[in-house]
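Residue numbers (our numbering), protein chains in the order written: chain A, 115 to 484; chain B, 6 to 298; chain C, 157 to 572; chain D, 92 to 388.
Structure representation (structure tokens):
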């Protein structure tokens, strides 16, 4: 039993089931991020936790008490919305204390709570303004203030940073993380941005098509994605997924991958059970940062493969340079050090850290577990 | 000017601008014409009117017709003028406008923020109801009012006007609330605000522009109604339009046109005032509500 | 569906039981007499009743010669909230009596001897199935011609007595550059003229079989075509600006000498008198040429609506007051009409009024008193309006005379 | 509505409140609009004359109705009137709105002048209009007295043209309102798009024709609904202006229905004409409402 349990929960609109048997258990103080492309059902799930959408079947519990049929205001939760949803006709102060007022908290207490929160978020000077007079970042703070002041069991965030510009988004991200570390509250956070998911969360639920594709720590999700969807959704640039054939060379399973000229290169697996797949087609997943120039190869790795392939495009990004080549008939991206001497059209020698490579069953698109 | 006079990107030349002004002024004249005829002839003695020249300014100015229309013109057997009927109209219009606007606002709120199955069909039915020709409802309505004991009373008239106004007020508010962010409602729900608290504290304070449209529309329609007023009012609740009609339509005897015109302007004064005072918010309200897709 | 069923039973209820609204001691009177003179005349009645301790609740609804008031009446009756007394005309009274909505005034009528003093032709519209249901106020006769005496004298015209003399007079006036006939192009005015014209062609028997018995052979017969031809002649002698003109503006044309004649009911006299004109000196009144014997009439009455199954004392008092000779005289002098009872002294009346009273008595005695089509005293509203449609369409040039006669048969058959 | 058994009363109430709040309006609508429509349709199959009566006569009222040339006139007039009224109001309203949107100096005053006719009923302005249109004392007379002796304007007296005077007065009353709707629409258009189009070299004419007017679609639709509703209900105007004349030349279905139901004591025929009117309205409005409301989902 966790702090927040989502137990076998489904959601249907009429005959259409949009969420299928979701099972997530969140511990107290955890920062769970629901991530996925738009329409994956993550916001619906959040709304169900909030009590804004009904649960079709299953159960949601907070602190072991069922929340089914309990009104949103009685769940002791707070929510920060994508548009901030600040009441335009009320001052910032009123916005923050509205919920307390609705819950019958006396005015002196409300004011104390408001002042504390304003101090915490450094918005004391904004309390008498109307939301219309605030900048995006200020609104964001007020929205968080409104959630914080309630001192809820669970915080819910619905894409709170998506309306901010890139720089502010990074700042606020850090801010939220600091707040979480400082207050230790339980948070469920919805985003479509995998970087936010990775940076903020203690655990991530990757969702697609109404299913939880994978639930795990950021590291688990990144290193051992459950399937191709998770693998390609998390990480930027996305993981390269290319067709390969498994062969046994020197008693070890290797992936046979076609290069730009059709010639095959052998990339030895670290996973011994890949021998079971000898002679079969698989999909090979290699993250861009594991294909490097020879000098930058991970020294701790026990399994570095080498290959020479032709560079199609180079994209210097300052800190790194991305290189596109063709492998298995697909464009494959590699991440070089910025000082690597790469040139479009030229052949280049790459190091591939096969320790980090994963293989997928082409039929089920699930990862072949070692 | 409170209406969003925006910085139009269109640039026009001097000649074109002059032409535009000319056309605009010409139409202003066209729109003013009937009012001009009414005003000018309401301050003339009767013999000047019967002498012809309806466009001419009075040679002798007189405000006698206005006084007469207001306080001593023959309406029925009593020479009461229009004044008692003016108050009858006020007593009918104010509650009818208030109730239909509040109901329209609540309906719009429910239909956009508390959606349920078949709500669109329900709204469609309400909208279609706007199109019912009033002539066909007279007899059944009379019967219903009789059954409810509201025949011949101001409350009966209020009911009638509310019933046939809800369609429009609902339309206005629904379109307005449709673009009102639903997240605000959800935030308020989480904050613990109930159905009415959300409406009262969150939506209503932002509903000014559309309320103006709804009030103008309803006020004008109800104040100007004659058919329902004549049919369902009692002797002591006849509205201004019925009295004006009695004044103007008197079948025999000398027609005091100057008094008729003065009476007509008096009867129209409240609606004119509403348009002049609130008209500036009108375009803004339309912008916010009814012309959005 | 429910509401409709309720309505059905409830209307039946309302019609049989009647309803109660006005206070026991008040009479609520629905009428359309809102002009100064009429209201003054009604005030005589009001004061009379108030002298007896009966209050008067006034419910004026003007417009369309009572049409608007009839709509209101229908709403009031349907709501079970009928006024005590309602101004009514001709067939409307019979229709309401047939609905069972009207009170039986026979006790008052017997006590005051109405049967003897009210002309039989008028009783047709005040008595239904032997029961008095309304109190007649006046008799208007509609086949009058009003003429400007100065204009006629200047052109050497005497009051015409035949159609030929009349057309000759029209030609003379036209040649003199005067609009021969002042007319307002409204359906009821067109038909008012048509009444007289048809009477002049058809005679009293033909008029009765055409418009009262609705005999199709007469309605569509050659004489009807002739009547329409005469209407065309009249149309040719009306100015081009006639359409939609109110009758009193047409009267004003005669008063001002812009036009020679106007065919209009006796209420037109009030306009002349208001303008300070003297009958016989400044203006002439005579029957439409060829109808000197006949009087086409309409009568204003007050229907008494059944309030509790029997006539209330207030209704009896009101009815009695209406039929009192003093009120009949006072009211009709103002209104231009003649009393509904034939035993009222003509002393207070002017020349035209005196002639009207004499004509009425003579016509009543010789069975030449007949209801006017134009004013709903020949046919029910549906037929009346069907005739209006045809007459107006013909007058405005949509039909030629033969087509008009044929259309008349058709329109009446639909409306019957 | 799936409700959990353990939901507390207040929460249940909150779930039902929206429908509870809507229900009075719905009840009123069902009884006073749809109930009455059904009643009226039923009456059209009965022998009702002075008051509703319930003798079933089948389609007799309809066959009588279609034999009345008067009814045909009113249908034809409705066609002419609706077409011209909606067309002219839209064009005029749009033109005035565009002109008024050119940073006009006295915009507030002009707007009020254009809008005020909507505030007045024809019971108020009817006499003024009648005078104005009357050749004897109105525009024709004034123009001639100013020296333009050949000026003629006698439409109201002419059976063939009288309906156009009705259109004129109706346009006078509502075109300002339509102007306001279009003005609101114009003010809602993103200025950036206009600037972009100008940089693309679009002339003012093309700017309006290709960029701005197509974006006013919602305003067009709202205007259409309001105008067609007003056109169908046009009644006071005809009564005040022409009384349906000359002859029956300006009769419209609403005046037809009124006169048969109330003046002529042929309630059955009146109800039949009302039924046909309602069917026509439904035929126009239902597809429109369907398209509009579906889109918004």
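Even for Gly, the Cβ is constructed at its ideal location relative to N, Cα and C. Note that the structure is predicted; figures quoted are calculated from it, not measured.
Does residue 101 (chain D) have its Cβ less than 9 angstroms from a Cβ in chain A?
yes
Apart from the five residues just before and just after residue 343 (chain A), which ones in its own chain have a Cβ nearer than 6 angstroms to its Cβ?
322, 327
Give the interface partners of residue 268 (chain B) over in chain C, defined as CB-CB distance under 8 angstroms, in chain order.
None at all; the shortest Cβ gap to chain C is about 12 angstroms.
Using a Cβ-Cβ distance under 9 angstroms, would residue 450 (chain A) count as near chain B?
no
Out of curiosity, what's the CA-to-CA distance linking residue 161 (chain A) and residue 186 (chain A)?
9 angstroms
What does the Cβ neighbour count give for residue 142 (chain A), buried or exposed, with the cut at 16 atoms within 10 Å?
exposed
Counting only beta-carbon separations shorter than 9 angstroms, does residue 193 (chain B) have a partner in chain A?
yes
Can you pull the chain D residues whose beta carbon is under 8 angstroms from the beta carbon of residue 287 (chain B), in chain order?
206, 271
If residue 3 (chain B) and residue 109 (chain B) are in contact, beta carbons under 8 angstroms, what's the gap, nearest whole angstrom?
Residue 3 (chain B) lies beyond the stretch modelled for chain B, which goes from 6 to 298, so this question has no answer here.
Could you round the C-beta distance between residue 417 (chain A) and residue 468 (chain A) to whole angstroms and report it? I think they count as a contact, below 8 angstroms.
4 angstroms
For the pair the stretch 60-75 of chain B and the stretch 124-144 of chain B, tell me if three or more CB-CB distances fall below 8 angstroms.
no
Considering only the beta carbon of each residue, do residue 276 (chain D) and residue 307 (chain D) sit closer than 9 angstroms?
yes
At a Cβ threshold of 9 angstroms, is residue 19 (chain B) touching chain A?
no
Cβ of residue 60 (chain B) less than 9 angstroms from any chain D Cβ?
yes
Assign residue 134 (chain A) to one of three DSSP states: helix, strand, or coil.
strand
Inter-residue spacing [alpha-carbon to alpha-carbon] between residue 303 (chain C) and residue 491 (chain C):
19 angstroms
What's the gap between the Cα of residue 217 (chain A) and the Cα of residue 25 (chain B)?
59 angstroms
Check whether the Cβ of residue 364 (chain C) lies closer than 9 angstroms to any Cβ atom in chain D.
no
Please report how far the alpha carbon of residue 96 (chain D) lies from the alpha carbon of residue 142 (chain D), in whole angstroms.
Note that residue 96 (chain D) has pLDDT 44, beneath the 50 cutoff, so the model's placement of it is unreliable and the number below is only indicative. Their Cα atoms are separated by approximately 54 angstroms.
Which residues in the same chain have their Cβ closer than 6 angstroms to the Cβ of residue 177 (chain C), if we skip the five residues on either side of it in sequence?
Confidence in residue 177 (chain C) is poor, its pLDDT being 41 and thus under 50, which makes the residue's placement unreliable; the coordinate value appears in the next sentence. So the qualifying residues of the chain are 237.
Among B:91, B:265, B:103, which one has its Cα closest to the Cα of residue 167 (chain B)?
B:103
Would you say residue 245 (chain D) lies against chain C (beta-carbon separation less than 9 angstroms)?
yes
Scan the stretch 205-231 of chain C for residues whose Cβ lies nearer than 9 angstroms to a Cβ of chain B and list them as they occur along the chain.
212, 213, 214, 215, 216, 217, 218, 219, 220, 221, 222, 224, 225, 227, 228, 230, 231
Quick check on residue 320 (chain A): does DSSP put it in helix, strand or coil?
strand
Inter-residue Cα distance where the pair is residue 273 (chain C) and residue 264 (chain D):
55 angstroms
Uninterrupted beta strand (DSSP E) stretches inside the stretch 209-291 of chain C (no shorter than 3 residues):
211-216, 241-245
Please work out which residues of its chain come closer than 7 angstroms, Cβ to Cβ, to residue 225 (chain D), disregarding the five sequence neighbours upstream and downstream, and give them in chain order.
247
Label residue 394 (chain C) either buried or exposed according to how many other C-beta atoms from any shown protein chain fall within 10 Å of its C-beta, with 16 as the threshold for buried.
buried
For the ligand HEM, is there any heavy atom lying closer than 8 angstroms to the beta carbon of residue 214 (chain B)?
The ligand HEM is not among the ligands present in this structure, which contains no ligands whatsoever.
Within-9 angstroms CB hit, residue 306 (chain D) to chain A:
no
If you draw a straight line from the alpha carbon of residue 180 (chain C) to that of residue 90 (chain B), how long is it in whole angstroms?
In this prediction, residue 180 (chain C) has a pLDDT of 47, which is less than 50 and means its spatial position is unreliable; nothing more can be read from the coordinates.
For a contact defined as C-beta to C-beta under 9 angstroms, what are the partners of residue 217 (chain A) on chain B?
196, 197
Please compile the residues from chain A whose C-beta is within a distance smaller than 9 angstroms of the C-beta of residue 189 (chain B).
195, 197, 199, 200, 201, 202
At 8 angstroms on the CB atoms, spell out the chain C contacts of residue 353 (chain D), in chain order.
223, 226, 227, 230
Using a threshold of 9 angstroms, state whether the C-beta atoms of residue 187 (chain C) and residue 242 (chain C) are closer than that.
yes
With a threshold of 7 angstroms on Cβ separation, who are the neighbours of residue 35 (chain B) within its own chain once the five nearest residues in sequence on each side are excluded?
none
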